[in-house]
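Here is the structure we will look at.
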Amino acid sequence: MSERLRIALTKGRLQDKSVELFEGAGLDCAPVRNPGRRLIHALPNYPLDVVLAKAPDVITYVEHGVCDLGVVGKDTILEKGGAFYEVLDLGFGRCRFALAVKKGTDFYGTYKTRRVASKYPNVTRAFFEGRGMDVDIIKIEGSVELAPILDLADGIVDIVETGATLRENGLEPIEDVAQVSARLIVNTASMKLYKTEITDFLSRVERELGGKA
Ligand code: PRP
Numbered sequence: 207m208s209e210r211l212r213i214a215l216t217k218g219r220l221q222d223k224s225v226e227l228f229e230g231a232g233l234d235c236a237p238v239r240n241p242g243r244r245l246i247h248a249l250p251n252y253p254l255d256v257v258l259a260k261a262p263d264v265i266t267y268v269e270h271g272v273c274d275l276g277v278v279g280k281d282t283i284l285e286k287g288g289a290f291y292e293v294l295d296l297g298f299g300r301c302r303f304a305l306a307v308k309k310g311t312d313f314y315g316t317y318k319t320r321r322v323a324s325k326y327p328n329v330t331r332a333f334f335e336g337r338g339m340d341v342d343i344i345k346i347e348g349s350v351e352l353a354p355i356l357d358l359a360d361g362i363v364d365i366v367e368t369g370a371t372l373r374e375n376g377l378e379p380i381e382d383v384a385q386v387s388a389r390l391i392v393n394t395a396s397m398k399l400y401k402t403e404i405t406d407f408l409s410r411v412e413r414e415l416g417g418k419a
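Read in order, the letters of the sequence shown are residues 207 to 419 in this note's numbering.
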């Protein structure tokens with residue numbers, strides 16, 4: 207008998223795009239389209255249960271094996287890390303991490319230790335360590351653009367999609383830090399235990415992605 211798989215989807219924008227992709231692959235996602243306050247949904251025409259979760263929790267559930275699969279942004283993967291297989295770039299949720307400063311500022315033109323604010327301290331640390339540059343990192347929970355405006359930081363490392371938030375706040379990107387898009391991740395034990403089921407799911411998704419390319 208075929209095992210029912212469980213997948214964790216990142217709530218919000220990636221959820222909508224994931225549903226579009228899975229529906230294209232023939233999975234009836236009606237319960238996920240009208241979730242109400244329910245957080246777990248059984249798909250009616252495919253042996254898959256969908257869990258809706260916040261991005262870092264998607265990784266936690268997949269790492270612990272309570273979900274076999276997950277859809278999560280590369281931004282969260284880079285920040286949180288973890289032991290799982292990253293098997294597919296799903297192509298949506300495309301944006302980038304960039305270093306941004308107040309327009310016209312010379313970020314590199316001083317010997318003083320720079321302060322950089324970010325929701326992603328690990329990504330920020332890795333980027334500047336790669337440069338051999340010592341910076342003070344300040345963790346901010348949201349709207350990081352405020353930090354340079356309020357003179358709390360010399361720069362920010364943040365997600366840039368259209369660039370509108372930076373522009374409208376008098377900031378400009380000066381360097382790309384990493385490219386971001388949604389990824390399909392798989393628990394390492396599930397990959398062996400449910401190889402047949404996971405291969406079937408992956409090949410459906412890959413076929414749909416290939417058809418769109
Ligand atoms: C993200 C990011 C930027 C904005 C970038 O914030 O932190 O603020 O989107 O998008 P843009 O380049 O298209 O303007 P999000 O909407 O996730 O809100 P948050 O800052 O509260 O986390």
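The C-beta atom is built at its ideal place from N, Cα and C for all residues, glycine as well. The structure presented is a predicted model; accordingly, all values stated were derived computationally and were not measured.
Run the proximity test for residue i: is its beta-carbon closer than 8 Å to any non-hydrogen atom belonging to the ligand PRP?
i: E229; result: no
i: A359; result: no
i: E285; result: no
i: D156; result: Nothing about residue 156 can be read from this structure; the chain reaches only from 207 to 419.
i: G158; result: A question about residue 158 goes unanswered here, because the residues of the chain that appear run from 207 up to 419.
i: D364; result: yes
i: K345; result: no
i: V350; result: yes
i: K325; result: yes
Thinking just about the alpha-carbon of each residue, which of the options is nearest to the one in residue i?
i: V307; options: A236, G299, L249, R320; result: R320
i: T316; options: F333, V341, C301, D263; result: V341
i: K223; options: E292, D234, G299; result: G299
i: K309; options: P241, T405, I355; result: I355
i: I246; options: K217, H270, T266, I265; result: K217
i: D382; options: G376, N375, G369, N393; result: G369
i: P253; options: Y400, A359, G416; result: Y400
i: Y326; options: T371, T266, N393, I283; result: I283
i: A359; options: L305, N393, F333; result: L305
i: G376; options: D357, V277, L233, N393; result: D357
i: T311; options: C301, E378, G336; result: E378
If residue i sits next to residue j, beta carbons under 8 Å apart, how far is it from one beta carbon to the other, in whole angstroms?
i: A248; j: D255; result: 5 Å
i: F290; j: V268; result: 5 Å
i: A236; j: R410; result: Not confirmed; about 17 Å, so no contact.
i: V386; j: G279; result: 6 Å
i: I391; j: F313; result: 34 Å between Cβ atoms; not a contact.
Please say whether residue j and residue i have beta carbons closer to each other than 9 Å?
i: L275; j: L211; result: yes
i: I185; j: I365; result: No statement about residue 185 is possible, as the shown extent of the chain runs from 207 to 419 and does not include it.
i: V257; j: L215; result: yes
i: E403; j: L227; result: no
i: D281; j: V238; result: no
i: A353; j: I344; result: yes
i: E292; j: R389; result: yes
- Identify every run of the alpha helix (DSSP H) within the region 381-415, keeping only runs that are complete inside it and at least 4 residues long; order them along the chain. 394-399
- Query: Which parts of the region 284-366 are runs of the alpha helix (DSSP H), unbroken and 4 residues or longer, counting only runs that do not cross its ends?
  - Reply: DSSP runs (the alpha helix (DSSP H)) wholly in the region 284-366: 327-336, 352-355.
- Message: What ranges does the alpha helix (DSSP H) occupy inside the region 208-274, keeping only unbroken runs of at least 4 residues that lie completely in it?
- Response: 219-230, 236-239, 261-269
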